[in-house]
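**Q** Could you have a look at this structure, given as structure tokens, before my questions?
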Amino acid sequence: MKPFRYERAADAAGAVATVAAHPGAAFLGAGTNLVDHLKLGITSPDLLVDVSRLPMDQVEERADGGLRIGANVRNADLAAHPAVRTRYPVLSQALLSGASGQLRNLATTGGNLLQRTRCAYFQDPSSPCNKRDPGSGCAALEGWTRYHAVLGASSHCVAVHPSDMAVAMTALGAVVVTLGPDGERRVPLTEFHRLPGDAPHRDTVLRHGELITGVELPALPFATRSRYRKVRDRASYAFALVSVAVALDLEDDGRTVREARIALGGIAHKPWRAERAEAALRGLPATEESCRTAAEAETADAHPLRDNAFKVPLVHNTLVAVVRDLVGQGAPEAPGGLEGSR
Amino acid sequence: MTTRTSESRTPEPAARPRAVGADRERADARDKVLGRAPYAFEHPMERPCYAHAVLSSVPRGRITAVDTEAARQEEGVITVLTYENAERLASTDDAELAILQGPEVAFRGQIVGAVIAETPEAAREAASLVRFTYAEEPHASELKPGESELYRPETANGGAGTDSELGDLDAAMEAARADPGAVALDETYRTAMTHCNPMEPHATIAVWQGDELTLYDSSQSVHGHRDTLAEVFGLDRARVHMICPYVGGGFGSKGEPHAHSVLAALAAREVSGRPVKLALTRQQMFTLVGYRTPTYQRVRLAAGADGRLTGIGMDAVEQTSRIKEFAEQSANPTRTMYAAPHRKTTHRLAALDVPVPSWMRAPGECPGMFGPEVAMDELAERLGLDPVEVRVRNDAPTDPETGKPFSSRNLVACLREGARRFGWQDRDPRPAVRREGRWLIGTGVASSAYPVNRQPGSVAAVQYRDDGRYRVGIGAADLGTGAWTVLAQIAADALDVPLDQVDLRIGDTALPKATVAGGSSGTAMWGSAIVAAARKFRERHGHDPSPGDHAQAETPANPHAERFAMHAFGAQFVEVRVDADTGEVRVPRLLGVFAAGRIINPRTARSQLIGGMTMGLSMALHEETVTDPRYGLLVNHDLANYHITANADVHSIEAHSIDEDDPYVNPLGAKGIGEIGITGTAAAVVNAVRHATGVRVREVPVTLDKVLEGLRNGPPSRQ
Amino acid sequence: METEIRLRVDGQAYEVTVDTRTTVLDALRERLGITSPKKGCDHGQCGSCTVLLDGRRATTCLALAVSYDGAEITTAEGLGEGEELHPVQQAFVDHDALQCGYCTPGQVCSAVGVLREAAQGWPSAVTEVGAEGGISPEALDHDEIAERMSGNLCRCGAYVNIVPAVAAAAEATAEGAGR
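Chains as they are written, first to last, in the numbering used here: chain A, 1 to 342; chain F, 343 to 1061; chain V, 1062 to 1240.
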């Protein structure tokens, strides 16, 4: 860890001004990812501006019935928040399936969005990595890729985004609110994280000195019927191999899909909004067959690597299973619904 | 339970049982729940310096240039050590320990330097600034059967024979193939490279005062550790002291000193008189403190329609490092488990440019009980026989290779008792026919076994003190095994005093010499020395001693050692649930029954057994160190990527003991319980996965992708 | 770069000089000599360094000490009243919920945090969806405790003793509260 100066920000505007004016500066939130990277030598800022005590720690009701979540709201508090649990259960579940209780007590909403990949080569400074060291190559491409991308990757980077929270928020149509040197802006979460392309060192569209101040969740009444399912190598405290967030709006018959919101985790450089699958399901009964067809449409362009071909069928099966659960949740005996598995 | 011992009993005067066998609270439990028990890095030191190791970033080659300038410029840095300025060691016979002696690099992640600084932050940062230029040489870092060049080691670990052969296995296999009612099974199984990963990272505090070296180190053997360090530095043993009252888990990785202990001592030379604190990072532990080799196991079984084996064979292929041999004795259990007239076992190694493999819980037995115990399940299935019954039918009345009687062998009793407790009798043998909602359900069984190892040379001392207590000293180690507790129990009975009159001291070379806490031999070896010392004390000083009276004695030789084969046995039963959509494997129930001689303390014994079983579960479901052969890199070198079982992976685990009265193993009648729990577990899990899903996986870990692939090829129907 | 911070640890106030790079864990262990919290991985991957930080369970290996100037910390050593063990600690002793003991102080602090979180009705990943009122400490079954305690790795494999120990402590705490 290179020596660095430390400043505690008095307010958001001041923090932004300081970091924007100082090329080697970085914001410090809870540090659960940044300090990890400082120790590994992945990043070496010379000034940390601590924003963790700024009063961005409230969950507020919005006029449209949605929520505004402050960037410093802790993952644990957000997961337990009554409005989140009742109106956006998929988000509560996603948060609770991430990390561990003692980490969720520290980690913040803004920091969670900015988590960097857990690619083992990215985390090992002695390995080539275009994300950590642009132009050095991608060790993962021909390497150990169990946890890597099957969608949207490039020949420069095949890493995945590790957040669970962001996958649920992507399904819910969240908007990231930032404060930069040029003022406030709102970025839809689907456009917040980047695909790697030829610049994988840039995870997001944030500019230097731009600070996340909050996340807006739009009102989405049907999100009461929503669910997050994380499939991983351990029953708990492990990153996703594949995760699926679904919110389902069903017709009165309890089986026909009026609208579906689907996002996938563990398979791409960003939380993956599954718009093709959503479109494929719209207007159809949520049967095993229709879900599988929708999932297959979503992964039609998948490019599995040496170790992760299993993720494609795993995504299909998991999406089918989540929808089955959600349909069953509303109408347990719904005839013609999803049953069994293949 | 009934027990069976061979031949007539030799009456042995045994200590009058009182504390021994009783359920006693762990002696150090209170200190540990408070966090007061000091581990190696936690001994208070005046003005310590901190050392941080620098590791090689190429898998093989030579250092051609060293640049320490930037590191030396860093604030707080005292000095930088590399091969260019480090002192020459007196002995470089052990290539793993001979660090900083030359420019050669033998594996990626080898120690090539160190920074000594005033703070841990400065030491670590400066370590990242030391620059080495390498001339890389071609390397091979991945074990590939059929490609890697294999050789025949002179012996396997522990002096085990490299190969063994009785009868003609090839002919037995041929005959079984020719007989339509018989089965000739010939399959290859694989276990992964795994790491001990004790929760306490390896750490050393070293202090030189003149020519005296004191080490606070995390070790399973203070005396063994001291002797090795004395040799490496060319010192009289009396000038090296080692203190280690508590060990935060070892599992074999602290059984022998590793290179970081040498590095700490080298570093401390640079700041004579000041203590140097050196802790390995979790990442560094993957290349520096040993690991279990991956194994490929060709298992051959020939059996008649009745399930009786006519032939059994095991060919183990493993890796070692080019600079130091470690020959995991994986074919050993096949030599003892089952009767069969035709038998053959071999060990072959590939010497690679990899970190040095070493001990990991039940070396040999743990991997070696995987392939054969899965093969036995496959055999039962092919013959339409119950897998418990197949094992019972092949129980060996005498040790199959040596012909010696067993001092006691209760494998069948464990299988029967386990089957009864588990509810095995109602089992439907058909695979893939049980389903509850999304879960496919199955059960499996495997045998467990571990030898009774003897290590001569432990000495215990007993001294009566003016506080009216008996100070019992032996340089033993408690790695969570319960030595602090059970040795006091043994001493209390041997002295015939209440437990609170025993003042036990362990973990210090100032105490009489003790052998390593390894091979599940600690309690028996140290305990036997304590019993001998107590007897001698009473013989000399009677029951009304004066303060200062003392006696010392060594673990007696076992007069029965050559007459008997001595092993502990067990059986493990597993229920698994497999998610039909995702292939995720869960283990709601794991039940083991073990016959391991006399249990000194049922509470700590149970913890040891469930701990072994939990690690076996971890091996079955999670553990695999991944090598990237392009770079010689162990890719997943932290606890986020190298998964060990978390709490949520574990549900019901039961460990039961069968009382076993074995008068031959040692005066205590104890066989050792630290390792048997991990043997067989992984096979039982794999067998249960087959029963649940119809998918036969012949390797561990059984990750969901391996199951999912099988499920997609032939999905079971919903019941 | 050195800076002075104040911490209150197990009821005692400290002023301590730290490097800006020093974590809370290293401030406790290397600067203050408070070694009850353990370093197992130094990267938030094992839970051995768990303490109660301003009343909540938290890993300390990824928290920079400068950022926690003024914090109130309780380690396992400071949980009990005087020499009396905290009910969670007593339950760990009673159930032999430890072996080598290295992860134990973190497990104990985490368990205390789990009970506090459950008392606030916080759900976990295995809490039934739509369970309106969340959960209470007494309602913590095996799966709930195991999931909530999964941030604390134990290599010795004491999990099957840790879960009943936490359950017993939950019961003891509930009884204590009901008096």
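The C-beta atom is built at its ideal place from N, Cα and C for all residues, glycine as well.
Would you check if the distance between the CB atom of Val-322 of chain A and the CB atom of Val-231 of chain A is smaller than 8 Å?
**A** In this structure, Val-231 of chain A does not lie closer than 8 Å to Val-322 of chain A by Cβ.
**Q** Residues in the same chain with beta-carbon distance under 8 Å from Gln-843 of chain F, minus the five sequence neighbours each way, listed in chain order, please.
**A** These residues qualify, in order along the chain: Gly-810, Arg-811, Tyr-812, Ala-834 and Leu-837.
**Q** For the segment 962-988 of chain F, enumerate the residues whose C-beta is nearer than 9 Å to any C-beta of chain A, in chain order.
**A** Of all residues in the segment 962-988 of chain F, Leu-963, His-964, Val-968, Thr-969, Asp-970, Arg-972, Tyr-973, Leu-975, Val-977, Asn-978, His-979, Asp-980, Ala-982, Asn-983, His-985, Ile-986, Thr-987 and Ala-988 have a Cβ within less than 9 Å of some Cβ in chain A.
**Q** Whole angstroms is fine: what's the gap from Leu-721 of chain F's alpha carbon to Ser-399 of chain F's?
**A** Straight-line Cα distance between these residues: approximately 47 Å.
**Q** Report the rounded CA-to-CA distance for Thr-1021 of chain F versus Asp-1157 of chain V, giving the unit in angstroms.
**A** Roughly 23 Å between the two C-alpha positions.
**Q** Which of the three DSSP states is assigned to Pro-930 of chain F in this structure?
**A** Correct three-state label for Pro-930 of chain F: strand.
**Q** If you reduce the DSSP assignment to three classes, tell me which class Gly-1052 of chain F lands in.
**A** Here Gly-1052 of chain F sits in helix by DSSP.
**Q** Quick one: Cα of Met-165 of chain A to Cα of His-537 of chain F, how far?
**A** Each residue's Cα considered, the two are about 32 Å apart.
**Q** Would you check if the distance between the CB atom of Leu-1257 of chain V and the CB atom of Asp-36 of chain A is smaller than 8 Å?
**A** No answer is possible for residue 1257 of chain V: the residues shown for chain V start at 1062 and end at 1240.
**Q** In terms of residue numbering, what span does the beta strand (DSSP E) encompassing Gly-197 of chain A cover?
**A** Where Gly-197 of chain A is concerned, there is no enclosing beta strand (DSSP E), given that its DSSP letter is neither H nor E.
**Q** If the cut-off is 8 Å on Cβ atoms, which residues from the segment 95-114 of chain A count as contacting chain V, listed in chain order?
**A** From the segment 95-114 of chain A, only Leu-96, Ser-97, Ala-99, Ser-100, Gly-101, Gln-102, Leu-103, Asn-105 and Leu-106 have a Cβ closer than 8 Å to chain V.
**Q** Tell me the rounded alpha-carbon separation between Leu-694 of chain F and Ala-448 of chain F.
**A** Approximately 9 Å, taken between the alpha carbons.
**Q** Please confirm whether Glu-542 of chain F and Cys-1161 of chain V have their CB atoms less than 8 Å apart.
**A** In contact: Glu-542 of chain F and Cys-1161 of chain V (Cβ atoms closer than 8 Å).
**Q** Against Ala-80 of chain A, what residues of chain V qualify as contacts under a CB-to-CB distance less than 9 Å, listed in chain order?
**A** In chain order: Glu-1178, Gln-1181, Gly-1182, Trp-1183, Pro-1184 and Gly-1195.
**Q** Which bits of chain V does Val-1042 of chain F rub up against, with CB to CB less than 9 Å?
**A** Ordered by position in chain V, no residue passes the 9 Å Cβ test against Val-1042 of chain F, which lies about 17 Å from the chain.
**Q** Give every residue of the same chain whose Cβ lies closer than 7 Å to the Cβ of Gly-1011 of chain F, excluding the five residues on either side of it in the sequence, and list them in chain order.
**A** Taken in chain order, the residues that qualify are Gly-939, Arg-940, Asp-1003, Asp-1004 and Pro-1005.
**Q** Could you pull out every unbroken beta strand (DSSP E) segment of at least 3 residues lying fully inside the segment 126-207 of chain A, listed in chain order?
**A** For the segment 126-207 of chain A, whole beta strand (DSSP E) runs of length 3 or above, ordered along the chain, are 175-180 and 183-188.
**Q** Where do the ends of the beta strand (DSSP E) carrying Lys-374 of chain F lie?
**A** Note, Lys-374 of chain F: premise wrong, no beta strand (DSSP E); alpha helix (DSSP H) at 371-376.
**Q** Ends of the alpha helix (DSSP H) at His-684 of chain F?
**A** Run containing His-684 of chain F: none in the alpha helix (DSSP H); it sits in the beta strand (DSSP E), 684-694.
**Q** Within 8 Å of any Cβ in chain V, is that where the Cβ of Phe-4 of chain A sits?
**A** It does; some Cβ of chain V falls within 8 Å.
**Q** If we ignore side chains and look at the alpha-carbon of each, how far apart do Gly-340 of chain F and Val-920 of chain F end up?
**A** No answer is possible for residue 340 of chain F: the residues shown for chain F start at 343 and end at 1061.
**Q** Let me know if Lys-486 of chain F comes out buried or exposed under the rule of 16 or more other beta-carbons within 10 Å of its beta-carbon.
**A** Under this definition Lys-486 of chain F is an exposed residue.
**Q** What three-state label does DSSP hand Ala-1200 of chain V in the structure shown?
**A** Helix.
**Q** Am I right that Ala-280 of chain A and Thr-293 of chain A are in contact with their C-beta atoms under 8 Å? What's the rounded C-beta distance?
**A** That belief holds up - the Cβ atoms of Ala-280 of chain A and Thr-293 of chain A are roughly 6 Å apart, short of 8 Å.
**Q** Candidates F:Tyr-425, F:Gln-415, F:Tyr-392 and F:Pro-401: which alpha carbon is nearest Val-408 of chain F's?
**A** Closest by alpha carbon: F:Tyr-425.
**Q** Please tell me whether Leu-1214 of chain V has its Cβ less than 8 Å away from any Cβ of chain F.
**A** Answer yes: the Cβ-Cβ gap between Leu-1214 of chain V and chain F drops below 8 Å somewhere.
**Q** Please check if any C-beta of chain A sits within less than 8 Å of the C-beta of Gln-1061 of chain F.
**A** Here the model assigns Gln-1061 of chain F a pLDDT of 37, short of 50, so the residue's position is not dependable, and the following value carries that caveat. It does not; no Cβ of chain A falls within 8 Å.
**Q** What is the residue span of the alpha helix (DSSP H) that Ser-960 of chain F lies within?
**A** Looking at the DSSP string, the run of the alpha helix (DSSP H) that includes Ser-960 of chain F is 944-963.
**Q** Please list the residues of the segment 1117-1150 of chain V that have a C-beta atom closer than 7 Å to any C-beta atom in chain F, keeping them in chain order.
**A** Listed by position, the residues of the segment 1117-1150 of chain V near chain F (Cβ gap below 7 Å) are Thr-1136, Ala-1137, Glu-1138, Leu-1146 and Gln-1150.
**Q** Does DSSP classify Ala-122 of chain A as helix, strand or coil?
**A** The displayed chain sequence assigns Phe, not Ala, to residue 122 of chain A. Of the three classes helix, strand and coil, the one that applies to Phe-122 of chain A here is coil, per DSSP.
**Q** Within its chain, find whatever has a CB closer than 8 Å to the CB of Gly-197 of chain A; leave out the 5 residues flanking it on each side and keep chain order.
**A** Contacts found: Ser-154 and His-156.
**Q** Is it buried or exposed for Pro-522 of chain F, if we count other Cβ within 10 angstroms and need 16 for buried?
**A** Pro-522 of chain F is exposed by the Cβ-count criterion.
**Q** Mind checking Gln-58 of chain A: buried by the 16 CB within 10 Å criterion, or exposed?
**A** Gln-58 of chain A should be labelled exposed.
**Q** Under a CB-based cut-off of 8 Å, is Ser-350 of chain F close to chain A?
**A** Low confidence applies to Ser-350 of chain F: its pLDDT is 40, below 50, so where it sits in the model is not reliable enough to give any reading.
**Q** If I follow the unbroken alpha helix (DSSP H) through Pro-793 of chain F, where does it start and stop?
**A** Where Pro-793 of chain F is concerned, there is no enclosing alpha helix (DSSP H), although the beta strand (DSSP E) it sits in stretches over 781-793.
**Q** DSSP puts Gln-93 of chain A in a beta bridge; with which residues?
**A** DSSP lists no partner for Gln-93 of chain A.
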